[in-house]
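Line by line, the protein sequences give chains D and F. Per our numbering, the first sequence runs over residues 1277 to 1615. Per our numbering, the second sequence runs over residues 1277 to 1615. Just so it is clear, CB atoms sit at the ideal spot from N, CA and C, and this is done for glycine as well. For clarity, every value in this text was computed on a predicted model and none was experimentally measured.
2 protein chains.
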Amino acid sequence: MLENNQEIRLISRPKGMPREEDFQFVEVPIPEPREGEVLVRTLYLSVDPYMRGRMTERKSYIAPYRLNEVITGGIVGEVVRSKAEGIAKGDVVLGELGWRKYNVAKAKHLTKVSPHLAPASLALGVLGMPGLTAYFGLLDIGQPKAGETVVVSGAAGAVGMVAGQIAKIKGCRVVGIAGSDQKVQYLTQELGFDAAINYKTTKDIRADLKEACPNGVDIYFDNVGGEISDAVLTLINQGARIPICGQIALYNLEKPDLGPRIQTQLLINRALMKGFIVSDYKPRFKEGLTQLAEWVRTGKIKYTENIIEGFENTPKAFIGLFKGENVGKQLVKVADRLG
Amino acid sequence: MLENNQEIRLISRPKGMPREEDFQFVEVPIPEPREGEVLVRTLYLSVDPYMRGRMTERKSYIAPYRLNEVITGGIVGEVVRSKAEGIAKGDVVLGELGWRKYNVAKAKHLTKVSPHLAPASLALGVLGMPGLTAYFGLLDIGQPKAGETVVVSGAAGAVGMVAGQIAKIKGCRVVGIAGSDQKVQYLTQELGFDAAINYKTTKDIRADLKEACPNGVDIYFDNVGGEISDAVLTLINQGARIPICGQIALYNLEKPDLGPRIQTQLLINRALMKGFIVSDYKPRFKEGLTQLAEWVRTGKIKYTENIIEGFENTPKAFIGLFKGENVGKQLVKVADRLG
């Protein structure tokens, strides 16, 4: 019943935009689970912007990928063999696994996902790492208060769309920045953002932001960095909070780029800027997931998944992240459930 | 007994480095205190880097000075006439007053200073706004823990020298950055800094910093901004904290300057950067002053004042701040006590 196994390795560190040639598909045996382990068949595989950072050799909060080894990331899969107690064939699980069709993993490193409460793929999106990233970045660092203005960049991405919707739940005016008219429309018409700006077509992003934020910017949830952030930062209010979640505009630059120094803006506005990673909040994941699930269940948070079919399209899906191709969470669907 | 009164007005907004011609000395009458007011004879007048910001017309945490009006700032003076209860001729007081030889002020806007506990001028330095700025910026935003490495820029200035010494009290390794060999020597030999770097003569500030901070930088108390800060920020550790206290290197630039964007450094190190102003901590001033006075009394915090004599030298003293002329708190001594 089992097909062959394949894995995707990083064979060269991208310079600038990643290319399909940086990745290699390799046939590998389907491994045998040992005591306490299970064999997981990949259903959905997550491609995320932060992975670009791991492809570069540098000090960061997470170790770089090794060359000529399999890439790892969030995967939802189905258990097809189990040698672990409490986890059975047919169970759907979430784990940090290799970009493979089949992975062996210790049961204790996996989280069971109930495919009956919500689509299993959500464990990689709104009910997973991206949702939690939005939740803690916005609420813990951003500390939104009703009536404040929140700007979200990368607003139509997996994290941004949740951050903006949580800000709406908290009673804020929410302005999104995204890269297509389709995304802008989605944000304002489907997700209830108060305004959205297409940064690719605007003639003057600062002027558009100023119009969209007549009372200035109290929170800037930053997924992108670069010139978009330069513009937002000129409009911050006294006591502004700026969670730095990502800097996707910069990930593929070959050398550090220059911009206006921002410390003076932070100083004269007594503003706070903080970089974070979702794992800083691990002790509070349960709280976050419970609240997010409740908001999804009651329709207060909507979500969109952008699903590419086929394991072979994984590199393309990953590269697409940096071309702004995805509305919502970008996933690769590798297989249907058997069970 | 009273001489004539004079005040110093700002008559043109400096472009770049302030010049003496931006200021004008004007003879004015000695005012009469009304009910609830006192007449204060200036003893010491404080010149501070933040005042440069107030000379430019822009939105900030504090309103700009008005053209052709007297400049205001911290002054320690002696009461020479009183029409207020609880405050008598001969009392020494601290207030936010005009750059004048004589000011009238409401008693409720003044704080009595005991000239018997410590020199009255300290109320403008280590036991005043600069000391409190160091205290709250380092302790509240920096949150130093024993064994951590703290870098202080502008380390030989009124705020920096206190920030560094508090970090030493808290058990940190402390590295100062300053602009002369005399200052470097003062920091390491008098104030107990573990190392200090002369940024004007170093061949490679990043290399020197790296050597002085073998375990990286946990807290960067930033008074200066610009290229010095660019270098420090490349060396921050996971979870670093960066209180932004001043950006003196930039205050006299005629247009915003460019530097490497720092958000990625904050992101990959989950670091916090926060601009602040001492008045944010007003409810805790008493706590801060009590602790600072105790540290000064027990010799744990040393201080140096750089005193220029003569009201007529006030603009020169102010301009000197931006030439790095002062070691320690820069004051102008206007008069001796009569009482």
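Under the three-state DSSP convention, the category residue i falls into
i	result
Y1337(D)	coil
M1331(D)	coil
Y1462(F)	helix
T1510(D)	coil
I1453(F)	strand
N1589(D)	helix
G1502(F)	helix
Y1579(D)	coil
L1542(D)	helix
I1553(D)	coil
Q1606(F)	strand
S1397(D)	helix
V1402(D)	coil
E1530(D)	coil
G1418(F)	helix
I1524(F)	coil
I1584(F)	strand
Counterpart residues of residue i in DSSP-defined beta bridges
i	result
I1495(D)	V1426(D) and R1517(D)
S1274(F)	Beyond the ends of chain F as shown, which are 1277 and 1615, falls residue 1274(F); an answer cannot be given.
K1599(F)	DSSP, once it has assigned bridges, lists no residue as partnering K1599(F).
K1384(F)	Answer is none; K1384(F) lacks a bridge partner.
N1379(F)	V1316(F)
I1473(D)	I1453(D)
E1487(D)	BP columns for E1487(D) are empty, so no partner.
L1321(F)	I1351(F) and V1608(F)
P1391(D)	None, per the DSSP bridge assignment.
L1548(D)	R1517(D) and K1550(F)
P1536(F)	L1534(D)
Run of the alpha helix (DSSP H) containing residue i, from where it starts to where it stops
i	result
P1406(D)	M1405 to F1412
G1564(F)	F1561 to R1573
L1297(F)	Reading the sequence as shown, one finds Glu at residue 1297(F) and not Leu. Counting along the chain, E1297(F) falls outside any alpha helix (DSSP H), and DSSP gives it neither H nor E.
V1438(F)	A1434 to I1445
Where the beta strand (DSSP E) through residue i begins and ends
i	result
I1306(D)	Premise fails: I1306(D) is in no beta strand (DSSP E) and is neither H nor E.
R1285(D)	N1281 to L1286
G1371(F)	V1368 to G1374
8 Å contact criterion, which residue i and residue j should meet: CB distance rounded
i	j	result
S1390(F)	V1352(F)	The pair is not a contact, with the Cβ atoms about 12 Å apart (cut-off 8 Å).
I1481(D)	I1504(D)	7 Å
G1219(D)	V1450(D)	Residue 1219(D) lies beyond the stretch modelled for chain D, which goes from 1277 to 1615, so this question has no answer here.
T1425(D)	C1521(D)	With a Cβ gap of about 18 Å, T1425(D) and C1521(D) do not count as contacting.
K1605(D)	L1393(D)	The Cβ separation is near 17 Å, so there is no contact.
A1383(F)	V1316(F)	Their Cβ separation, rounded to whole angstroms, is 10 Å, which puts A1383(F) and V1316(F) out of contact at 8 Å.
P1536(D)	L1534(F)	6 Å
V1380(D)	P1307(D)	4 Å
Output, in sequence order along the chain, the residues in the region 1308-1341 of chain F whose CB is closer than 9 Å to any CB in chain D.
-> Cβ contacts with chain D come from G1329, R1334, K1335, S1336, Y1337 and I1338.
Contacting positions in the region 1528-1558 of chain D - beta carbon closer than 9 Å to chain F = P1532, D1533, L1534, G1535, P1536, R1537, I1538, Q1539, T1540, Q1541, L1542, L1543, I1544, N1545, R1546, A1547, L1548, M1549, K1550, G1551, F1552, I1553 and D1556
Got a sec: which bits of the region 1502-1520 of chain F sit with their beta carbon under 7 Å from any beta carbon on chain D, in order along the chain?
-> From the region 1502-1520 of chain F, only S1505, Q1514 and I1520 have a Cβ closer than 7 Å to chain D.
Output, in sequence order along the chain, the residues in the region 1402-1431 of chain D whose CB is closer than 7 Å to any CB in chain F.
-> none
Taking any Cβ of chain F, which residues in the region 1467-1499 of chain D have a Cβ under 8 Å from it, in chain order?
-> Within the region 1467-1499 of chain D, the qualifying residues are D1498.
Chain-ordered residues of the region 1592-1605 of chain D with a beta carbon less than 7 Å from chain F = Of all residues in the region 1592-1605 of chain D, none has a C-beta nearer than 7 Å to a C-beta of chain F.
Give the residues from the region 1566-1578 of chain F that approach chain D closer than 9 Å (Cβ to any Cβ), ordered along the chain.
-> none
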